[in-house]
Amino acid sequence: PASPRTCECRCSGAPPAWPVTMRTMQASGFKGALFDLEAMAVEPIVRALEFLIPVFGLRPLFFKLLKNACPPLKDAKASREKGGPLLWWLWSLRYRRTLLTVEAVGFSQPAAPPCVWFDRRWQPRCVSPDVFIVFVHGGGFCSHTPTEIPFAGEVLPRLAAKGLSCQMIGLDYTLGDKVSRDEQMAQLMYSWDAVHAHIDVLGEEEDGQRPRVVLAGDSAGGHLVTAMVKHLAEQRVEEGKVIAQRGQPADASRRSSVLVPDALVAISPWLDLDMNTPTYSSNGATDYITVEICSDFAQEAKHEENHLYPPKDALSPRKRQSATGSAFDDAVAKAGVTMTKAHGSSSSLEHLDTELSPLAPHWPETMVTVGAGELFAHEGRELVTAIKSECGAGLATLLENPSSPHDWVLLPMFDTKRGDASRAMDQMSEFIAGPYQHNTARRVFSHTELSP
73 PASPRTCECR
83 CSGAPPAWPV
93 TMRTMQASGF
103 KGALFDLEAM
113 AVEPIVRALE
123 FLIPVFGLRP
133 LFFKLLKNAC
143 PPLKDAKASR
153 EKGGPLLWWL
163 WSLRYRRTLL
173 TVEAVGFSQP
183 AAPPCVWFDR
193 RWQPRCVSPD
203 VFIVFVHGGG
213 FCSHTPTEIP
223 FAGEVLPRLA
233 AKGLSCQMIG
243 LDYTLGDKVS
253 RDEQMAQLMY
263 SWDAVHAHID
273 VLGEEEDGQR
283 PRVVLAGDSA
293 GGHLVTAMVK
303 HLAEQRVEEG
313 KVIAQRGQPA
323 DASRRSSVLV
333 PDALVAISPW
343 LDLDMNTPTY
353 SSNGATDYIT
363 VEICSDFAQE
373 AKHEENHLYP
383 PKDALSPRKR
393 QSATGSAFDD
403 AVAKAGVTMT
413 KAHGSSSSLE
423 HLDTELSPLA
433 PHWPETMVTV
443 GAGELFAHEG
453 RELVTAIKSE
463 CGAGLATLLE
473 NPSSPHDWVL
483 LPMFDTKRGD
493 ASRAMDQMSE
503 FIAGPYQHNT
513 ARRVFSHTEL
523 SP
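Under my numbering, think of the first position of the sequence shown as 73, with each following residue one higher.
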């Protein structure tokens with residue numbers, strides 16, 4: 073963090089319970105030397121696969137092997153206990169030698185939400201960044217798939233090449249075998265409050281200037297960050313209404329108590345947990361994940377409906393009665409998450425445009441990436457359509473690649489054409505950087521006019 077200080081939390085109640093341990097790539101001495109030797113052995117193998125599979129068209133065969141012989145793609149428990157740790161080991165070695173190190177820390181004490189700080193290796197952490205990235209990992213809400221590692225390993229060097237300084241953190245949350253997705257949302261909203269406090273510190277140290285804030289996530293993490301932005305925009309709207317009701321004039325210099333990110337990046341977001349969109353049936357053969365594992369994740373994490381709509385209001389009377397006094401109520405009370413009522417059934421995203429319409433003045437510029445061959449392709453396209461329709465045609469960008477599977481931007485070995493993921497990362501880095509350049513156009517702290 074920029075400087076140690078107690079988190080000035082704007083949410084009520086005690087903080088949610090946090091995960092006990094977090095993995096880190098930080099290693100030194102003899103252990104670090106062994107880690108470096110492992111990386112020297114593993115990285116060439118991974119790079120060779122990233123070359124051979126796309127060039128020789130081996131992806132269908134590789135997918136068949138994964139679906140038939142890979143337990144983490146067939147069972148949520150195996151994904152959590154074996155898949156996550158295996159990918160962490162593989163990706164940490166893939167990016168260990170040349171790109172980055174990470175450090176597991178909290179923002180401050182007490183009640184510090186856990187996070188992982190990412191740095192380019194051999195480079196000191198910048199004190200006053202141009203860009204501040206917050207990443208939420210995927211894994212079907214039930215597994216820690218450490219996608220923040222390849223994201224950081226690809227994005228940070230590209231931003232540095234543009235002359236931009238950057239800080240990046242990955243937010244952690246308790247996995248869905250222990251809590252519901254709604255409690256995960258509560259944890260992330262609480263963590264976002266600590267992010268806000270940290271951004272305030274950066275602004276104070278830079279005489280009112282603050283970095284460009286980017287919120288990103290993939291798969292289930294893409295779902296969570298999209299829902300976070302929706303709720304933050306709702307809070308900004310409600311804040312404006314309260315100020316208007318008090319008879320206070322709109323003041324552009326007034327500092328909002330709600331931090332809405334400047335940009336949202338959703339990588340292959342899993343938005344519709346009812347799994348009713350057409351690509352669940354049409355893309356089963358072209359994606360490495362299956363409807364069965366998605367159903368397993370949803371059931372284990374107690375997902376009753378799409379979180380882009382409020383949980384209890386959209387339930388049947390029987391389910392609503394059983395949900396009364398649930399852990400969700402406690403989590404929301406702790407984190408201060410605000411919800412709005414649904415405009416109908418939560419079985420699809422058909423009402424998303426109605427949900428976004430009143431939030432248009434506060435919705436950030438958004439990039440959504442989908443693979444045309446993945447299960448979640450249709451809902452990613454719907455999100456972009458809704459944002460363009462209700463918030464402005466120039467506010468959303470869809471980055472779609474033909475025949476590509478889930479999370480293709482982060483998995484170059486599954487390129488349809490060699491270099492697809494790298495070219496997509498170039499475009500994403502351009503989007504994340506925005507119009508700001510190092511030390512010449514540092515963004516002045518944005519004070520949004522708080523009118524309803």
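Virtual Cβ for every residue (Gly too), placed ideally from N, Cα, C.
In this text the structure is predicted, and so the values were computed from the model without any measurement.
Tell me which residues share the same chain as residue i and place their Cβ nearer than 7 Å to its Cβ, disregarding the 5 neighbours each side in the sequence.
| i | result |
| --- | --- |
| alanine 111 | Leu165, Arg168 and Arg169 |
| leucine 296 | Val208, Gln256, Met257, Leu260 and Gly289 |
| valine 330 | Leu304, Gln307, Arg308 and Glu311 |
| phenylalanine 517 | Caution is warranted here: a pLDDT of 30 is assigned to phenylalanine 517, below 50, making its placement in the model unreliable, and the coordinate value is therefore given only provisionally. Correct list, in chain order: Gly275, Gly280, Gln281 and Arg282. |
Hey, could you find the ends of the alpha helix (DSSP H) residue i is sitting in?
| i | result |
| --- | --- |
| arginine 168 | 156-168 |
| glycine 443 | Glycine 443 -> not in any alpha helix (DSSP H); beta strand (DSSP E) instead, spanning 437-443. |
| arginine 192 | Note, arginine 192: premise wrong, no alpha helix (DSSP H); beta strand (DSSP E) at 186-192. |
| leucine 565 | This structure leaves residue 565 out entirely; the chain is present only between 73 and 524. |
| leucine 525 | Residue numbering for the chain in the displayed model covers 73 to 524; residue 525 lies beyond these limits and cannot be assessed. |
| leucine 231 | 220-233 |
| threonine 426 | 424-428 |
I'd like the span of the beta strand (DSSP E) that includes residue i, first residue to last.
| i | result |
| --- | --- |
| glycine 289 | 284-290 |
| valine 208 | 203-208 |
| alanine 335 | 335-339 |
If you reduce the DSSP assignment to three classes, tell me which class residue i lands in.
| i | result |
| --- | --- |
| proline 126 | helix |
| threonine 362 | coil |
| alanine 395 | Because alanine 395 carries a pLDDT of 36, less than 50, the predicted location of this residue cannot be relied on, and the following value inherits that uncertainty. In the structure shown, alanine 395 sits in a helix (DSSP, three-state: H, G or I). |
| glutamine 307 | helix |
| glycine 242 | strand |
| alanine 324 | Caution is warranted here: a pLDDT of 45 is assigned to alanine 324, below 50, making its placement in the model unreliable, and the coordinate value is therefore given only provisionally. Three-state result, alanine 324: coil. |
| leucine 470 | strand |
| valine 92 | Residue placement at valine 92 is poorly supported in this model, since its pLDDT is 47, which falls under 50; the coordinates are not used for a value here. |
| threonine 173 | strand |
| isoleucine 504 | helix |
| glutamine 195 | coil |
| glutamine 98 | coil |
| threonine 349 | coil |
| threonine 217 | strand |
Once you ignore the five residues that flank residue i on each side, which residues in its own chain have a CB closer than 6 Å to its CB?
| i | result |
| --- | --- |
| glutamate 437 | Ala335 and Leu467 |
| valine 481 | Ile339, Thr441, Ala493 and Ala496 |
| histidine 268 | Leu331 |
| isoleucine 504 | Val286 |
| proline 126 | Asp487 and Arg490 |
| proline 144 | Ala150, Ser151, Lys154 and Gly155 |
| phenylalanine 190 | Leu172, Val174, Ala224 and Met240 |
| glycine 443 | Asn473, Ser476, Pro477 and Trp480 |
| valine 293 | One detail in the question is off: residue 293 reads as glycine in this sequence, not valine. Result list for glycine 293: Val208, His209 and Gly210, in chain order. |
| valine 114 | Leu165 |
| threonine 219 | His209, Gly210, Asp290 and Leu482 |
Straight-line CA distance for residue i to residue j?
| i | j | result |
| --- | --- | --- |
| serine 328 | arginine 308 | 8 Å |
| lysine 146 | isoleucine 365 | 6 Å |
| valine 227 | glutamine 317 | 44 Å |
| arginine 192 | glutamate 175 | 11 Å |
| valine 404 | glycine 129 | Because the pLDDT at valine 404 is just 40, under 50, the model does not fix this residue reliably, and the value given afterwards should be weighed accordingly. Near 48 Å, if we compare the C-alpha coordinates of glycine 129 and valine 404. |
| glutamate 446 | serine 291 | 11 Å |
| glycine 14 | lysine 103 | It is not possible to answer for residue 14, since the shown part of the chain is limited to 73 through 524. |
| threonine 96 | serine 367 | 30 Å |
| alanine 99 | phenylalanine 107 | 8 Å |
| serine 354 | cysteine 463 | 30 Å |
| alanine 357 | valine 456 | 25 Å |
| glutamine 281 | proline 333 | 15 Å |
| leucine 137 | valine 199 | 46 Å |
| alanine 120 | serine 461 | 43 Å |
| leucine 471 | tryptophan 160 | 26 Å |
| phenylalanine 369 | isoleucine 205 | 27 Å |
| glycine 408 | proline 157 | Its pLDDT being 35, under 50, glycine 408 is placed unreliably in this model, and the coordinates cannot settle the point. |
| methionine 439 | valine 301 | 13 Å |
| leucine 109 | isoleucine 315 | 59 Å |
| threonine 426 | histidine 450 | 18 Å |
Using only alpha-carbon positions, find the residue among the options that is nearest to residue i.
| i | options | result |
| --- | --- | --- |
| methionine 500 | Ser353, Ala338, Asp425 and Val456 | Ala338 |
| leucine 428 | Ile459, Leu447, His450 and Val440 | Ile459 |
| phenylalanine 448 | Glu462, Asp359, Pro132 and Ala465 | Asp359 |
| tryptophan 342 | Val286, Gly210, Arg490 and Asn473 | Gly210 |
| lysine 313 | Gln371, Tyr262 and Leu431 | Leu431 |
| proline 116 | Ile221, Asp498 and Met485 | Met485 |
| leucine 483 | Asp346, Ile221, Val188 and Ser263 | Ile221 |
| isoleucine 361 | Asp202, Cys142, Arg119 and Val114 | Cys142 |
| aspartate 498 | Ala232, Ala370 and Asp249 | Ala232 |
| glutamate 502 | Val118, Gly235, Gly212 and Phe213 | Gly235 |
| glutamate 454 | Leu424, Met439, Trp435 and Ala465 | Leu424 |
| aspartate 249 | Ser215, Ile271 and Cys187 | Ser215 |
How about residue i: is its C-beta nearer than 9 Å to some C-beta of chain B?
| i | result |
| --- | --- |
| aspartate 498 | No chain B is part of this structure, which consists of one protein chain only. |
Please list, in chain order, all residues of the same chain as residue i whose beta carbon is under 8 Å from its beta carbon, the five residues on each side excluded.
| i | result |
| --- | --- |
| proline 229 | Leu171 and Arg192 |
Can residue i be considered in contact with the ligand COA, in the sense that its beta carbon sits closer than 8 Å to one or more heavy atoms?
| i | result |
| --- | --- |
| leucine 304 | For the ligand COA, the structure offers nothing, since it holds no ligand at all. |
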